[in-house]
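Have a look at the structure below before the remarks.
Protein chains: 2
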Amino acid sequence: MTSPAREFSVLERICRPGQLEDSRVLIGPGDDLALVRAEGRGDVGGAEILVGVDQLIDGIHVDIATVGWSAAGRKAVTRSLSDIAAMAGRPVSIVVSAAVPPDVTEASAMELFDSMKETASQYHAPLVGGDLAILKEGPLTCSVTVMAVPPPQGAVTRFGAQPGDGLYVTGQLGGAWRGTHHLTFEPRLSEASMLRAILQDRLHAMLDISDGLGRDAAHLVERSGLQVVIEADALPCRDGADVSQAVGDGEDYELLLAAAGEVPEGLGACPVTRIGTIQERPDPDAPPVVLEWNGANHDISQSGWEHQ
Amino acid sequence: MTSPAREFSVLERICRPGQLEDSRVLIGPGDDLALVRAEGRGDVGGAEILVGVDQLIDGIHVDIATVGWSAAGRKAVTRSLSDIAAMAGRPVSIVVSAAVPPDVTEASAMELFDSMKETASQYHAPLVGGDLAILKEGPLTCSVTVMAVPPPQGAVTRFGAQPGDGLYVTGQLGGAWRGTHHLTFEPRLSEASMLRAILQDRLHAMLDISDGLGRDAAHLVERSGLQVVIEADALPCRDGADVSQAVGDGEDYELLLAAAGEVPEGLGACPVTRIGTIQERPDPDAPPVVLEWNGANHDISQSGWEHQ
Numbered sequence: 001m002t003s004p005a006r007e008f009s010v011l012e013r014i015c016r017p018g019q020l021e022d023s024r025v026l027i028g029p030g031d032d033l034a035l036v037r038a039e040g041r042g043d044v045g046g047a048e049i050l051v052g053v054d055q056l057i058d059g060i061h062v063d064i065a066t067v068g069w070s071a072a073g074r075k076a077v078t079r080s081l082s083d084i085a086a087m088a089g090r091p092v093s094i095v096v097s098a099a100v101p102p103d104v105t106e107a108s109a110m111e112l113f114d115s116m117k118e119t120a121s122q123y124h125a126p127l128v129g130g131d132l133a134i135l136k137e138g139p140l141t142c143s144v145t146v147m148a149v150p151p152p153q154g155a156v157t158r159f160g161a162q163p164g165d166g167l168y169v170t171g172q173l174g175g176a177w178r179g180t181h182h183l184t185f186e187p188r189l190s191e192a193s194m195l196r197a198i199l200q201d202r203l204h205a206m207l208d209i210s211d212g213l214g215r216d217a218a219h220l221v222e223r224s225g226l227q228v229v230i231e232a233d234a235l236p237c238r239d240g241a242d243v244s245q246a247v248g249d250g251e252d253y254e255l256l257l258a259a260a261g262e263v264p265e266g267l268g269a270c271p272v273t274r275i276g277t278i279q280e281r282p283d284p285d286a287p288p289v290v291l292e293w294n295g296a297n298h299d300i301s302q303s304g305w306e307h308q
Numbered sequence: 001m002t003s004p005a006r007e008f009s010v011l012e013r014i015c016r017p018g019q020l021e022d023s024r025v026l027i028g029p030g031d032d033l034a035l036v037r038a039e040g041r042g043d044v045g046g047a048e049i050l051v052g053v054d055q056l057i058d059g060i061h062v063d064i065a066t067v068g069w070s071a072a073g074r075k076a077v078t079r080s081l082s083d084i085a086a087m088a089g090r091p092v093s094i095v096v097s098a099a100v101p102p103d104v105t106e107a108s109a110m111e112l113f114d115s116m117k118e119t120a121s122q123y124h125a126p127l128v129g130g131d132l133a134i135l136k137e138g139p140l141t142c143s144v145t146v147m148a149v150p151p152p153q154g155a156v157t158r159f160g161a162q163p164g165d166g167l168y169v170t171g172q173l174g175g176a177w178r179g180t181h182h183l184t185f186e187p188r189l190s191e192a193s194m195l196r197a198i199l200q201d202r203l204h205a206m207l208d209i210s211d212g213l214g215r216d217a218a219h220l221v222e223r224s225g226l227q228v229v230i231e232a233d234a235l236p237c238r239d240g241a242d243v244s245q246a247v248g249d250g251e252d253y254e255l256l257l258a259a260a261g262e263v264p265e266g267l268g269a270c271p272v273t274r275i276g277t278i279q280e281r282p283d284p285d286a287p288p289v290v291l292e293w294n295g296a297n298h299d300i301s302q303s304g305w306e307h308q
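Here the protein sequences line up with chains A and B, keeping their order. Mapped onto this note's numbering, the consecutive letters of the first sequence carry residue numbers 1 to 308. Mapped onto this note's numbering, the consecutive letters of the second sequence carry residue numbers 1 to 308.
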């Protein structure tokens with residue numbers, strides 16, 4: 001018996017703890033980005049580098065026939081930059097590769113790369129390397145690697161939430177894929193830096209919502225015995241999206257954070273909404289993420305969008 | 001009229017000089033790797049980071065049905081590490097992404113990622129991030145991003161060759177694809193570091209031979225008015241490969257370098273052979289790379305292997 005490849009089981013294997021014995025790896029696989037230490041020249045100084053890779057595939061993450069090459073290029077870059085925001089980092093540069101179907105015109109390929117380059121530059125993440133291959137068959141497959149530096153206070157991981165923390169989200173949730181939000185969103189780089197600077201060590205954990213609030217909230221407690229409790233009435237729903245869409249649609253690219261003490265209600269034009277609490281899990285079999293909705297508790301740990 | 005996408009014209013656009021106005025970019029696109037400056041934490045120190053991306057696609061760079069998933073994973077990583085050697089850098093880490101066909105078993109995907117992880121670790125380039133997507137159709141497409149630090153003497157670019165420099169190559173050339181060399185080669189990381197340490201500033205230019213000696217030698221003079229002259233009789237041909245194979249086969253992943261003064265004839269078990277000279281181009285229309293063979297001069301500037 002052989003079983004088909006499954007994204008999570010294969011990647012879990014890469015992330016398996018205990019296999020990284022390199023002291024330069026400060027945060028290993030499994031977070032939004034890894035953090036590695038690079039030596040400075042001549043043994044002076046050095047820097048900590050955030051790095052991670054994400055793919056954008058036609059027919060899975062975007063429909064190029066509908067939205068065009070330029071929108072696809074923008075999304076490939078912004079969704080990777082959103083991972084930098086999730087760690088509160090500052091972009092250093094990006095490199096991209098693309099494998100395109102054989103019938104793609106040179107003009108379309110140029111449009112794709114020009115859009116990636118321009119978008120990257122707009123967020124101060126100069127595109128410094130690229131690779132293009134022409135496929136014999138198959139859809140556009142784009143891979144974007146981002147490099148960043150942590151903020152002065154240090155990068156924020158997914159895993160530091162503590163009992164009693166409030167759970168907060170930037171912007172609004174739901175309906176991102178049906179509308180244009182997944183193509184036009186601004187990665188929350190500035191908001192993340194501001195939150196880190198304002199909250200300092202009270203900002204315990206952060207990630208960006210791509211799969212969906214339910215599944216992404218589960219990441220916050222996957223290395224602890226804690227539980228996320230979300231109040232349905234508090235959810236900031238986007239343009240008429242309902243609660244179940246806000247919880248499960250994904251593609252929001254908003255920040256989800258756990259913090260102690262007071263958190264500002266907004267940052268510039270961006271609202272920051274308290275939507276729940278982190279608490280001890282009542283028993284070991286309790287769901288990692290619970291939605292309090294109409295007087296009942298719902299397990300939403302699996303609520304999210306499979307990009308397939 | 002629309003024309004099909006062509007790798008070089010699209011990538012040339014990315015590399016177009018004058019578009020990079022970010023002072024953190026020390027070496028832009030167009031070399032084996034880019035070099036960017038990353039700030040240290042708290043404005044102390046900082047580091048220069050070499051970074052670049054390369055793809056490996058089933059049916060183009062490897063035939064998985066013949067060689068298997070593990071060999072494909074190894075090659076995806078070693079060919080990217082070879083770019084680090086070309087700059088005389090030292091690996092820091094790698095991140096990988098893969099898009100696999102729908103019929104790939106979990107065992108095969110695991111084999112691929114395990115092989116990439118193990119190979120990376122073997123060369124002290126810990127794999128710190130990965131992404132896996134399942135395609136609806138199309139071949140395995142693997143993208144490997146490498147990060148490295150320059151040696152104490154600084155990275156070696158492709159473009160510093162000077163008139164009178166000798167042209168040298170490590171190892172042997174030719175027949176790499178018909179044999180197993182393209183699957184089993186060792187990236188010349190140590191040799192490159194040794195050459196940089198021994199030759200210091202006399203090591204003017206370096207790259208790794210992937211496309212083929214002719215085309216890759218042309219890169220050495222593409223930003224100058226110089227000419228590469230290669231002597232056929234001097235070429236170190238691999239296991240019965242002939243001169244035209246040594247010149248055009250590619251996939252050697254050997255170092256090609258231009259240096260002034262004396263160069264060691266070997267580094268450990270690795271031979272270093274003088275195969276030619278850098279000189280002023282006799283006239284502007286003269287070919288960038290000339291092969292002296294049987295008393296005649298041949299233009300081999302285009303000799304190499306299109307991976308398609």
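We put the CB at the ideal spot given by N, CA and C, even for glycine.
### Task
Determine, using beta-carbon pairs with one atom in the stretch 47-62 of chain A and one in the stretch 131-138 of chain B, whether at least three such pairs fall under 8 Å.
yes
### Beta carbon of G212/B nearer than 7 Å to that of G160/B
no
### Message
Just to confirm the assignment, what range does the beta strand (DSSP E) spanning G160/B have?
### Response
No beta strand (DSSP E) holds G160/B; DSSP gives it neither H nor E.
### Query
What is the DSSP secondary structure of A259/B, counted as helix, strand or coil?
strand
#### Entry: C-beta neighbour in chain A for D63/B, strict 7 Å
no
### Check: S143/B C-beta below 6 Å from any heavy atom of the ligand SAM
Absent from the structure shown: the ligand SAM. Ligands present: none.
### N- and C-terminal bounds of the beta strand (DSSP E) containing V36/B
34-39
### Query
Cα separation between M1/A and M110/B?
Low per-residue confidence applies at M1/A: pLDDT is 41, beneath 50, and the placement is therefore not dependable, though the value from the model is reported in the following sentence. Their backbone Cα atoms lie some 15 Å apart in a straight line.
### Query
DSSP puts Y168/A in a beta bridge; with which residues?
L257/A, R274/A
### Query
Should G130/B go down as buried or exposed, given a rule of 16 or more other Cβ atoms within 10 Å for buried?
buried
### Task
Assign D31/A to one of two classes, buried (16 or more other C-beta atoms within 10 Å of its C-beta) or exposed (fewer than that).
buried
### Query
Do we get a CB-CB distance below 7 Å when we pair P91/A with the residues of chain B?
no
### Closer than 7 Å to chain A by CB, F185/B
no
### Selection from G46/A, A259/A, L267/A, G40/A that minimises the alpha carbon distance to P163/A
A259/A
### Straight-line gap, T184/B to D252/B (C-alpha atoms, nearest Å)
11 Å
### Message
Could you give the first and the last residue of the continuous beta strand (DSSP E) run that contains D299/A?
### Response
296-299
### Query
By how many angstroms is the C-alpha of L140/A removed from the C-alpha of D22/B?
29 Å
### Message
Pull the bridge partners of E12/A from the DSSP assignment, please.
### Response
According to DSSP, E12/A bridges with nothing at all.
#### Entry: Straight-line Cα distance separating H124/A from P91/A
6 Å
### Task
For my contact list, L255/A and M206/A are in at a C-beta cut-off of 8 Å; report their separation, rounded to the angstrom.
6 Å
### Query
How would you label S9/A, buried or exposed, when you count the other beta carbons within 10 angstroms and need 16 or more for buried?
exposed
#### Entry: Contact list for G40/A against chain B, beta-carbon separation under 9 Å
G40, G45, G46, A47, E48, V149
### Task
State the DSSP-derived secondary structure class of E222/A, mapped to helix, strand or coil.
coil
### Task
May I have the straight-line CA-CA distance separating S143/B from V100/A, to the nearest angstrom?
13 Å
### Task
Helix, strand or coil for E231/B, going by three-state DSSP, please let me know.
strand
### Task
Could you tell me which uninterrupted beta strand (DSSP E) segments, each at least 3 residues in length, are contained entirely in the stretch 106-145 of chain A, listed from first to last along the chain?
127-134
### Query
Between the C-alpha atoms of E118/B and P236/A, what's the straight-line distance to the nearest angstrom?
45 Å
### Task
Measure from the C-beta of E143/A to each C-beta in chain B and report whether the shortest distance is under 7 Å.
Inspection of the sequence shows that residue 143/A is occupied by Ser rather than by Glu. Output row for S143/A: interface = yes.
### Task
Starting from K75/B, find everything on chain D with Cβ-Cβ shorter than 8 Å and list it in chain order.
Of the chains in the structure shown, none is chain D; the protein chains are A and B.
### Task
Taking only beta-carbon positions, decide if M110/A is within less than 7 Å of chain B.
yes
#### Entry: C-alpha distance - S70/B paired with G40/A, whole-angstrom precision
34 Å
### Task
Evaluate contact between the stretch 168-180 of chain A and the stretch 151-160 of chain B, counting only Cβ atoms and requiring at least three cross-stretch pairs below 8 Å.
no
### Task
Give the straight-line distance between the Cα atoms of I230/B and D216/B, rounded to the nearest whole angstrom.
12 Å
#### Entry: Contact set for V77/A: own chain, Cβ-Cβ below 7 Å, skip 5 residues either direction
I94, M116, T119, A120, V144
### Query
Which of the residues in the stretch 209-221 of chain B, read from start to end, lie with their CB under 8 Å from any CB of chain A?
none
### Query
For the stretch 115-145 of chain B, which residues have a beta carbon sitting closer than 7 Å to at least one beta carbon of chain A?
K117, P126, L127, V128, G129, G130, D131, L132, A133, I134, L135, K136, E137, G138, P139, T141, S143, T145
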